[in-house]
Amino acid sequence: MRISCLSQFSRPLLFASFLMGLPQLTFSQTPISLENCGTQINLKAPPERVVTVGQATTEMLYHLGLHTKVVGTSNWFTDVDPKFQEINAEITRLADNFPSFESLVSQKPDLVTADFLFSIGPQGVVGKREQFHTLGISTYVLASQCIDQDSSRGTDGTRTALFSLDNLYKNIRDLAYLFAVEEKGQALVKSIQAREAAVIAKSQRYKHQDVSAVFWYSSAALGVDPWVAGRKGVPGWMMSTLGINNIVTSDEVWPMVGWESIAKANPDIIVIARMDRRRFEADDYQKKLDFLRTDPVTKAMDAVINNRIVVMDAHAMDVTLRSIEGLETLSLAIDKMDFSGE
C-alpha cells in the first residue's frame, strides 16, 4: 500500500490533513442523555427551540444566557426578574396560566420544560410527556419535583424530607447540561451558595427558637381554609434555617388549614405571598392584609396586632432562583421585629 511507504513524520501530517477535511466536532454535537423524573431524555444536540411551562424554568434559562433558545413561555405568577424585562418582552407569552397543548405544539419546539409534574406529567393539565414524545418533542420537568417528594399525594405533593438548595442546584445543573453551558450553571450555583452562607452566618448572631410563623400562599376564597406552607417545603427550609418554628406540621407542600387552628397556634409572624396571578381573590396580597386585619378570628392574633406580617414574592416560596431571595427577605424582616414584650 502506498501509505506504508510514508515516513514517521509524514503520517501524522497526512492524518491531520484528513481531520481538517472533516466537519469540526464540537461539544454541542455530542449526544446528550439525562434521566429526568423517571423519563430518559436523549438529545443529539442542545435544543434550539424551547417552550417553558412555568416561570421557574423560564428564569433559569434566562440566567444561563439561553433566552435566544426560548420561543414561548407560560404559567407566570409574578413579574419577570427586572433584569430580563426587555428580553422577556420579545418572547411570545402563550398564556399567563397554563397553555393549551395545541398552542404549545404550534411553536414547533424541540424541548418543553415544566415547573410541575401536574402541568406535564402522568395527569398533566397541559399534556402527558408521552403526548409530546410521540411528536418528537422532548420534555424536561424540574428534577426537584421528584427529589424527596411524592407528587401523587396532596394538592401540590408531599415532601418526604426537608427541602434544601441542593434540590435547586440539581435543576440548574440539569438545564446547564442539556444546553451545554455547564460552566454558567456552576457559576450560578456558587453565587447562590455564597448568599445562603451569608444569611446563615448572620442568623447565628440571634436566636429565634421561641418564634413561630405561618406562610399563607392563597385561598380559594377569602375566609375559607387557606393554603399554608407545610413543614418540609421551601418555606419550611427558610424557617428551619433561621430557627423559626412552623406552626404547621403537615408534610404536604401546601396543605389547607383552618383559620381557627391557625389562630389557636397564634404565630408570631405571618408571611403572605405577593403574586400577579388572579385565579383566586386571595391571590391579591392587599386583600390578604385586609382580611387579616378585619376578620374576627384573625385580627386577634399577635402577628396581626403587632404588625409582624411579611409580604414575600410568591415565586420565592417555590423551588426557584428566588428561593434565596425569600430567605434574605425573611431574615431582614425579622431583624426589624421586636419580640421583647412577649
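When we follow the UniProt record's numbering, the leftmost residue of the sequence shown carries the number 1, and every step to the right adds one.
Every residue, glycine too, gets a C-beta built ideally from N, C-alpha and C.
Item, Value
"Just to check my reading of the structure: Val228 and Ile269 have Cβ atoms closer than 8 Å, yes? What is that Cβ distance to the nearest angstrom?", "No, Val228 and Ile269 are not in contact; Cβ-Cβ is about 13 Å, not under 8 Å."
"So Asp313 is in the beta strand (DSSP E); what residue range does that whole segment cover?", "Ile309 to Asp313"
"Out of Ala114, Ile247, Gly136 and Glu252, which has the shortest C-alpha to C-alpha gap to Ser261?", "Ile247"
"Buried or exposed for Asn266, going by 16 or more other Cβ atoms inside 10 Å?", "exposed"
"With contact counted as at least three CB pairs below 8 Å, one residue from each stretch, are the region 107 to 124 and the region 136 to 144 in contact?", "yes"
"Which residue marks the beginning of the beta strand (DSSP E) containing Phe215, and which one marks its end?", "Ser212 to Ser218"
"For the region 217 to 297, which segments carrying the beta strand (DSSP E) assignment without a break, of at least 3 residues, lie completely within its bounds, in sequence order?", "269 to 274"
"CB Lys170 to CB Ile147, shorter than 8 Å?", "yes"
"Could you tell me if Gln55 is buried or exposed, where buried requires 16 or more neighbouring beta carbons within 10 angstroms of its beta carbon?", "buried"
"Whole angstroms is fine: what's the gap from Val311's alpha carbon to Thr249's?", "22 Å"
"Can you give the Cα-Cα distance for Ser331 and Thr320, rounded to whole angstroms?", "18 Å"
"Would you decide whether Thr73 is buried or exposed? Buried here means 16 or more other CB atoms lie within 10 Å of its CB.", "buried"
"DSSP on Gly326, reduced to helix/strand/coil?", "helix"
"Using three-state DSSP, classify Ser74 as helix, strand or coil.", "strand"
"Rounded to a whole number of angstroms, what is the C-alpha to C-alpha distance between Thr234 and Tyr62?", "In the sequence as presented, Thr is not what sits at residue 234; that position holds Val. For Val234 and Tyr62, the distance between alpha carbons rounds to 22 Å."
"Identify every residue that forms a DSSP beta bridge with Asn42.", "Ser33"
"What residues in its chain sit with their C-beta under 6 Å from that of Ser219, if we drop five residues either side in the sequence?", "Pro226 and Ala282"
"For Val253, which option in Gln149, Val71 and Phe98 has the closest C-alpha, if you only look at C-alpha atoms?", "Gln149"
"Closest to Ile200 by CA distance: which of Ile324, Val126 and Gln107 is it?", "Ile324"
"Excluding the 5 residues preceding and the 5 following Leu135 in the sequence, name in chain order all residues of the same chain whose CB lies nearer than 8 Å to its CB.", "Val105"
"Using the Cα positions of Val53 and Phe163, report the straight-line distance between them to the nearest angstrom.", "22 Å"
"Assign Ser152 to one of two classes, buried (16 or more other C-beta atoms within 10 Å of its C-beta) or exposed (fewer than that).", "exposed"
"So what's Ile334 in DSSP terms, helix, strand or just coil?", "helix"
"Verify whether the separation of the beta carbon atoms of Arg159 and Gly65 is less than 8 Å.", "no"
"For Gly258, count the other beta carbons within 10 Å of its own beta carbon; 16 or more makes it buried, fewer makes it exposed. Which is it?", "exposed"
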